Each structure stands twice: as C-alpha cells, then as structure tokens.
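Under my numbering, think of the first position of the sequence shown as 1303, with each following residue one higher.
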Amino acid sequence: MTDFRQQALDYHAYPTPGKISVELTTAAETSEDLSLAYSPGVAEPVRAIAENPDDVYKYTGKGNTVAVITNGTAILGLGNLGPMAAKPVMEGKALLFKRFAGINSFDIEVKHRTVEDFVNTVANIADSFGGINLEDIKAPECFAIEKALIERCKVPVFHDDQHGTAIVTAAGMINALEIQGKELRHANIVCMGAGAAAIACMELLIKCGAQREKIYMLDTKGVIHTRRDDLNEYKKLFANNTDKRTLEEAIDGADVFVGVSGPNVLSAANVKLMAPKPVIFACSNPDPEIKPELALATRDDLIIATGRSDYPNQVNNVLCFPFIFRGALDVRARTINDEMKIAAVHAIRTLAKEEVPAEVLAASGSESLVFGKDYIIPKPMDSRLRSAVAIAVAQAAVDSGVAALDMPENYNG
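Here is the structure:
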C-alpha cells in the first residue's frame, strides 16, 4: 500500500504537476499568425458573434468544452475536504473527458457560503462552456444545485455522481436480471444508502421499469418508511409503507441488493436470505459492501458487481459520462433529459451482448469476454462505447426536441 501511495503521488507530481494542460489548435509561429489569433484579426469573429451569438460555436472552442465543477464537499469516499483537495479528482475527470471522448475540459473549484452562492457562480460562467459536469457535491445540496442550474443555464448540466452512476447501474442491472431469468418490473430491490447516487439510481431504475413500492431504501437509521418523521424531501420519495425496519428484514426474499454506502455492511447471513438467483451491486469504493469472494462462497447462484477494476462487472461512470457529453455537444443539446439517459442505458447494455473484438480483449487484459454472469457490462477500455453511447444520446436529444442541430450526416460519435 505504501508503494502504491508513492506511485500515485509521483504520477500526479511528475514530469509536470497535475494531469492536464492547454494545447494550441492552430498555427502561432509567425507575425501573421499572431495578427490573426489576436489583434487585429480577432476582431472579425468578435463582430460575427456579436451579430449572431450562435457563431460562438463556429469561431471558438465552446462547443467541445466542458467545465468540471465542484465545491469539494463529497470527494470520492473521502468526504468534505474542501475545494483544493478536490482539484486532483477534477483534473482526473478532465483527463477522462479528453482520453475517452476527445472533449476539452477545465476543472473549476468553487468556494462559497451558501447553495445560492455556488449556483450564482456557476450560472454566471456557464455560457463559456458547451456543458457543465458537476462533481463531488454532497447530498442533499447537490439536488437543489443541479435543479437550479438546469433551470438557469442554456447548456447541459449533469451531476455525474448521480446520473452517471445511475446509468451504468441500470444497464448492468437489467442485463444481470435478464441472465437470472428475471424482469426489473417484478424485482424486489434493497438499496443500502440514501445519498445522491442511491436516489438517482433508484429513480432511473423506476424509469426503466422498476416498481417504487418494491424498493426498500436504507440510511444509517434503517429502512426508510412512511412513519419516520426525520426524512428530507428526497428520502420521502422512497418512504415505503412497510413494517420492515432493518437490513435483515428488508433483504429477506429480495432479488436485488444495491449498495452505495460503505464497506462490509452486507453479511453472508444477509446474502443467504435473498431470493433464488439474486443480483448484488456492491459499489462502495475502495471496499465494497461485501467482498465478492465471500458472496460467491456463500451462494453459487448470484451475480455480483462492484466499483472495482480488479473484479468482473465493474460499475464505472467512465462507461457513460464522456460519451453522453459527446452526443449532447454534437447536436448542441440544451439539457440532458431522461430520454437521453435511458438511451445511454440501453446502448451500454446492448454492447455487452455483442461479440468482443480482439483489441478490446487486449486493452482490458482479458482472454475472453462473453455475455454472462462475469460480463454484464462492457469494460471501460472498450473503444466501441464512444460511438454506441454518443449516437444513442444524440439521437434521443434530437427526437425529444432538446437539440439545436439535427443528427450530423454519417455521425459516429
């Protein structure tokens, strides 16, 4: 662990501090180049944009730029460590945007006193970018922040901790249930955790067919039920009219367990109580709610996914967020709506059923990948994701009326 810690620190420090930089996209070698890049030549696109604001997409990089913005109140699994401690994570997100979808990205860390301060800051700079990716903002503030920014901004706003996690979870869950011979609409679901990711995951599963009354959500006080008087407006959406109060009671006969909480909260005894052929998504990182080795030793009829790359079935947001923005930017969508999210779900889950090319096997370090218990969602290094998800998202944006442009001819993401 010490060696890995130093390796991680060295990775971020050398050969140049940080993980991203700015590159030039046009010539800047001669006096003539500079006269075109800046004064006096730059006056011409200025005038053009003043006359037609949409020309900003023609003459600047706005249309291929996303801002990754945080306040550092919920950094990975580390908690509220402040804006500057979040900067390495935001730079990492920018790296992923560039690496996987060719999108330029700037990280912005905001200090503020109130939710309103944060919203005003972001809303006032949003037009500089083609889209806004919110990151590592704690619940319940993140819900109010995203809602306000969607209302105020003319570019798509997407809180990846909520919706990225939800999209990949839904894709994997539908496939896992299919393999187990079950349907989402009939599944009894236990969700351990009631934060941003948990609520977004359950809401998207409902939009994909799950039944709200079959969902049992738990927070640190146990099952969220209708007789509790300590629930915020978001938890109230999942207050179940039930006498169940504990995880043990809720998981008895459950088809699905989704964990977005903390390590080792699901025991072998809990797993034994689940219905035949259960599905477990233990997504707490770095330590899942139950170790796959323990779960599989307890029962041989289950499918398990985690958030880790060293186990099969990794639930990783990088499967979707770069490509969702790719598709949204390419048709100039003004928002990322439910239709676009669901389109991404089905694009990801469908890709897992296709034959995996040799180059994808090599990139993921796998000898064989075949749709089944150990392969319910594509690998993060699958280059086909960009095209599959971007096309689906762009088409959904056009079809749902939130795109300013039609689908580009022969578009492939």
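Glycine included, each C-beta is placed from N, C-alpha and C at the ideal position. Quick caveat: nothing in here was measured; it's all calculated off a predicted structure.
Under DSSP, C1493 forms a beta bridge with M1519 and V1560. DSSP assignment within the region 1382-1419 yields the following whole beta strand (DSSP E) runs of 3 residues or more, N-terminal first: 1406-1411.
The shortest CA-to-CA distance from G1394 to any of T1522, H1648, N1619 and A1646 is the one to N1619.
Take R1514, set aside five residues on each side of it, and the residues of its chain with a beta-carbon closer than 7 angstroms to its own are I1508, in chain order. Looking only at D1602, V1658, N1714 and I1606, the smallest Cα-Cα distance to P1594 is reached by I1606. Proximity to T1600 across L1575, C1510, A1350 and E1550 peaks at L1575, based on C-alpha coordinates. Taking C-alpha positions only, L1687 is separated from D1602 by approximately 31 angstroms. Secondary structure of Y1677 (DSSP, three-state): strand. By the neighbour-count criterion, in which a residue is buried when 16 or more other Cβ atoms sit within 10 angstroms of its Cβ, G1433 is buried.
Rounded to whole angstroms, D1312 and P1590 show a C-alpha spacing of 27 angstroms. Beta-bridge partners assigned by DSSP to V1459: I1434. DSSP, reduced to helix, strand and coil, places A1699 within a helical segment of the structure shown. Residue pairing by DSSP puts N1542 in a beta bridge opposite H1527. F1625 is positioned such that its CB atom lies no closer than 8 angstroms to that of A1698. Residue burial is scored here from C-beta neighbours: Q1464 has at least 16 other C-beta atoms within 10 angstroms and is therefore classed as buried.
Closest in C-alpha terms to E1669, from the list P1614, D1532 and A1473, comes P1614. Nearest to P1458 by alpha-carbon distance, out of N1366, D1545, I1526 and M1475, is N1366. Straight across, the Cα-Cα distance linking E1353 with F1306 is about 55 angstroms. Distance from the CA atom of N1566 to the CA atom of P1680, rounded to whole angstroms, is 26 angstroms. Within the model, the alpha-carbon separation for V1368 versus E1551 is close to 44 angstroms.
In the DSSP assignment, T1600 falls within the alpha helix (DSSP H) that extends over P1594 to T1600. The beta carbon of D1409 sits closer than 6 angstroms to those of V1370, M1392, E1393 and A1396, all from its chain and outside the five residues before and after it, given in chain order. A straight-line Cα-Cα distance of about 29 angstroms links N1714 and G1511. Taking a contact to require three or more Cβ pairs closer than 8 angstroms, the region 1333-1342 and the region 1417-1433 do not qualify as touching. Under the three-state reduction of DSSP, I1439 is assigned to coil, being neither helix nor strand.
Nearest C-alpha to D1429 among L1653, I1452 and A1315: I1452. Annotation for T1637: no alpha helix (DSSP H) segment contains it, and DSSP assigns it neither H nor E. The residues G1561, L1568, P1590, E1591, I1592, I1606 and T1608, in chain order, have a CB closer than 7 angstroms to that of A1584 in the same chain once the five nearest residues on each side in sequence are set aside. Sequence-distant partners of L1383 (beyond 5 residues in either direction) whose C-beta falls short of 7 angstroms from its own C-beta, in its chain, are G1374 and I1377.
Bounds of the alpha helix (DSSP H) holding I1626 are F1623 to D1632.
With three or more CB-CB distances shorter than 8 angstroms, the region 1485-1504 counts as touching the region 1438-1446. A distance below 7 angstroms between beta-carbons, with the five flanking residues on each side excluded, links N1534 to the following residues of its chain, in chain order: P1442. Taken atom to atom, the span from the alpha-carbon of K1675 to that of D1462 is near 26 angstroms. In the structure shown, A1607 adopts extended strand secondary structure according to DSSP, grouped into three states. When DSSP states are grouped into helix, strand and coil, I1322 belongs to the coil group.
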